[in-house]
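Some notes on the structure that comes next.
There are 2 protein chains.
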Amino acid sequence: MTEKQERILTVALELFAQQGYAATATSRIAREAGVSEGLIFRHFESKEGLLKAILEYGNKEVNTFNSRLSTYTDPRARLRAILEAPFYFEPQQYHFWRLIYSLKWQMETYDNSMSTTIKEALLEIFEQLAYPDPNAEAELLVAIIDGTMMAMLLRQPENARDMLAVLVQKYGV
Amino acid sequence: MTEKQERILTVALELFAQQGYAATATSRIAREAGVSEGLIFRHFESKEGLLKAILEYGNKEVNTFNSRLSTYTDPRARLRAILEAPFYFEPQQYHFWRLIYSLKWQMETYDNSMSTTIKEALLEIFEQLAYPDPNAEAELLVAIIDGTMMAMLLRQPENARDMLAVLVQKYGV
DNA sequence: ATAAAATGAGTGATTAATCACTTTTAAATC
DNA sequence: GATTTAAAAGTGATTAATCACTCATTTTAT
Numbered sequence: 072m073t074e075k076q077e078r079i080l081t082v083a084l085e086l087f088a089q090q091g092y093a094a095t096a097t098s099r100i101a102r103e104a105g106v107s108e109g110l111i112f113r114h115f116e117s118k119e120g121l122l123k124a125i126l127e128y129g130n131k132e133v134n135t136f137n138s139r140l141s142t143y144t145d146p147r148a149r150l151r152a153i154l155e156a157p158f159y160f161e162p163q164q165y166h167f168w169r170l171i172y173s174l175k176w177q178m179e180t181y182d183n184s185m186s187t188t189i190k191e192a193l194l195e196i197f198e199q200l201a202y203p204d205p206n207a208e209a210e211l212l213v214a215i216i217d218g219t220m221m222a223m224l225l226r227q228p229e230n231a232r233d234m235l236a237v238l239v240q241k242y243g244v
Numbered sequence: 072m073t074e075k076q077e078r079i080l081t082v083a084l085e086l087f088a089q090q091g092y093a094a095t096a097t098s099r100i101a102r103e104a105g106v107s108e109g110l111i112f113r114h115f116e117s118k119e120g121l122l123k124a125i126l127e128y129g130n131k132e133v134n135t136f137n138s139r140l141s142t143y144t145d146p147r148a149r150l151r152a153i154l155e156a157p158f159y160f161e162p163q164q165y166h167f168w169r170l171i172y173s174l175k176w177q178m179e180t181y182d183n184s185m186s187t188t189i190k191e192a193l194l195e196i197f198e199q200l201a202y203p204d205p206n207a208e209a210e211l212l213v214a215i216i217d218g219t220m221m222a223m224l225l226r227q228p229e230n231a232r233d234m235l236a237v238l239v240q241k242y243g244v
């Protein structure tokens, strides 16, 4: 991975996350990364190839989180870790999550694997905790996590810690 | 409002919601609406003017909901009405809500008024219900509503009614 | 010396927007 | 009620700009 390759990835991620994939021109990426436009296509073949490279790079971090989850054996501890995740994602991953969530509304191709993984984990947890309707609980909590991610990415509420406290209390973990 | 004007608005809303504003060409809108491309600019001046016209048109429905909310005097009844809203929005408004939520990730210009209106209503409700931290509760419930809207618009879960039941039970309304 | 990295002018296609022009609508005049 | 008239509705060819992408050439690193 060349230095210029990394600069292209970083700048492209930032612009895709800020203005959207379709609204971002490869010429703009090249200009802001301080490289020639041709270099983007030399390394990543196409604009979509550049997007895929960004997503693959970011997915490593997601998988790291997922595998860290499975270290918790106690279902309550696992639930708490899932609840905390949206409030403590690393600042350097801000652009990546913004891109992921903005892509959800177009391009159904990408993503999805993430949501289903977490949904299955939650289903197992709520079954272990003997909730009356584990399926509805899991689906609802996926929605709550998505909504919390939206809040953190779009509004960055100053009372985020209090929100987490309320959430943790509601689930008693 | 001419018939062709309405066709332009309808087709543009559908395409903007499906593929995103930036990714939708005015030539495509004209073709699918069965009108000349020039007519779009005659009536709406620019592509952004067309977007604004769509949003103004749709905002009327939102205001209708908001004023209907204020008819409830009992805070529990108001809370329940707010919780139910994402599960029962009219199917004909599907494209409108998809556009609203996809625009949140780009173009901060638009929207916002909606979220703050509902946040203030929730703040009042949780104060009346003497919740320990009304502000955090309100912010969290805004997030839950946004997440539920995401689920309804993107995944359309078949157990939506069960999700609502769980939610209603959690808030005891 | 050679292969990979990098350039930037150039490609055709597509974009939003404009233009001169024709058709339709509807009220005003006879 | 027919005729005139002017504004509004509608067209489609055309514009300049921008788009993703290519390629012959130069620079850099080993």
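First to last, the protein sequences are chains W and C.
Under this note's numbering, the residues of the first sequence are numbered 72 to 244, in order.
Under this note's numbering, the residues of the second sequence are numbered 72 to 244, in order.
Ideal placement from N, C-alpha and C gives every residue a C-beta, glycine not left out.
Checklist line | Check whether ALA236 (chain W) and PRO228 (chain W) have beta carbons under 8 Å apart | finding: no
Next item on the list: Output the distance between the C-alpha atoms of GLN89 (chain W) and LEU225 (chain C), rounded to the nearest integer angstrom.
Entry: 21 Å
Notebook entry, point to check: So, GLU108 (chain W) versus VAL82 (chain W), is the Cβ gap smaller than 8 Å?
Noted result: no
Margin query: Cβ closer than 8 Å: which chain C residues qualify as neighbours of VAL237 (chain W)?
Written below: ASP204, ALA207, GLU208, LEU211
Next item on the list: May I ask which residues mark the beginning and end of the alpha helix (DSSP H) holding LYS248 (chain W)?
Entry: Given that chain W is displayed from residue 72 to residue 244, the structure contains no residue 248 (chain W) and the question cannot be resolved.
Checklist line | Alpha-carbon to alpha-carbon, ARG147 (chain W) and PRO162 (chain C) | finding: 38 Å
Check: From W:ILE171, W:LEU212, W:SER138, pick the residue whose C-alpha is nearest to that of PHE85 (chain W); which is it?
Finding: Correcting the residue type first, residue 85 (chain W) is Glu in the shown sequence and not Phe. Looking at the Cα atoms, W:ILE171 is the closest of the given residues.
Notebook entry, point to check: Which residues bound the alpha helix (DSSP H) around LYS175 (chain C)?
Noted result: Run containing LYS175 (chain C): none; DSSP gives neither H nor E here.
Next item on the list: Take ARG232 (chain W) and list the residues in its own chain whose beta-carbon comes closer than 8 Å to its own, dropping the five residues that flank it on each side.
Entry: PHE158
Notebook entry, point to check: Does the Cβ-Cβ distance between LYS241 (chain C) and LYS241 (chain W) come in under 8 Å?
Noted result: yes
Next item on the list: Would you grab the beta carbon distance between MET234 (chain W) and LEU211 (chain C) for me? Rounded to a whole angstrom, and I think it's under 8 Å.
Entry: 5 Å
Notebook entry, point to check: Distance, Cα to Cα, ALA214 (chain C) vs LYS131 (chain W)?
Noted result: 27 Å
Check: Straight-line CA distance for GLN76 (chain C) to GLU195 (chain W)?
Finding: 52 Å
Next item on the list: Mind checking which residues open and close the alpha helix (DSSP H) that includes LEU200 (chain W)?
Entry: Where LEU200 (chain W) is concerned, there is no enclosing alpha helix (DSSP H), given that its DSSP letter is neither H nor E.
Checklist line | Nonlocal neighbours in the same chain, by C-beta distance under 7 Å from PHE115 (chain W), ignoring five residues either side | finding: LEU121, ALA124
Next item on the list: Please list, in chain order, all residues of the same chain as GLY243 (chain W) whose beta carbon is under 6 Å from its beta carbon, the five residues on each side excluded.
Entry: none
Next item on the list: Could you tell me the boundaries of the alpha helix (DSSP H) in which GLU161 (chain W) lies?
Entry: It is not in any alpha helix (DSSP H) - GLU161 (chain W) carries neither H nor E in the DSSP assignment.
Next item on the list: For ARG169 (chain C), I'd like the list of residues in its chain whose CB is within less than 6 Å of its CB, leaving aside the five on either flank, ordered along the chain.
Entry: ALA88, LEU224
Margin query: Going by DSSP in three states, TYR128 (chain C) sits in which element: helix, strand or coil?
Written below: helix
Next item on the list: Could you spell out the range, first to last residue, of the alpha helix (DSSP H) harbouring LEU150 (chain C)?
Entry: 146-155
Note to self: Please tell me whether THR188 (chain C) and ASN137 (chain C) are closer than 8 Å, where the distance is taken between their beta carbons.
What the structure shows: yes
Margin query: Under DSSP, the alpha helix (DSSP H) around GLN89 (chain C) begins and ends at which residues?
Written below: 74-90
Next item on the list: Kindly give me the distance between the Cβ atoms of LYS118 (chain C) and THR144 (chain C), rounded to whole angstroms, as I take these residues to be in contact under 8 Å.
Entry: Wrong, their Cβ atoms sit about 44 Å apart, outside the cutoff.
Next item on the list: Would you verify that the beta carbon of LEU225 (chain W) is, or is not, closer than 8 Å to some beta carbon of chain C?
Entry: yes
Notebook entry, point to check: Helix, strand or coil for GLU103 (chain W) per DSSP?
Noted result: helix
Item checked: Range of the contiguous alpha helix (DSSP H) that encloses LEU110 (chain C) -> 108-115
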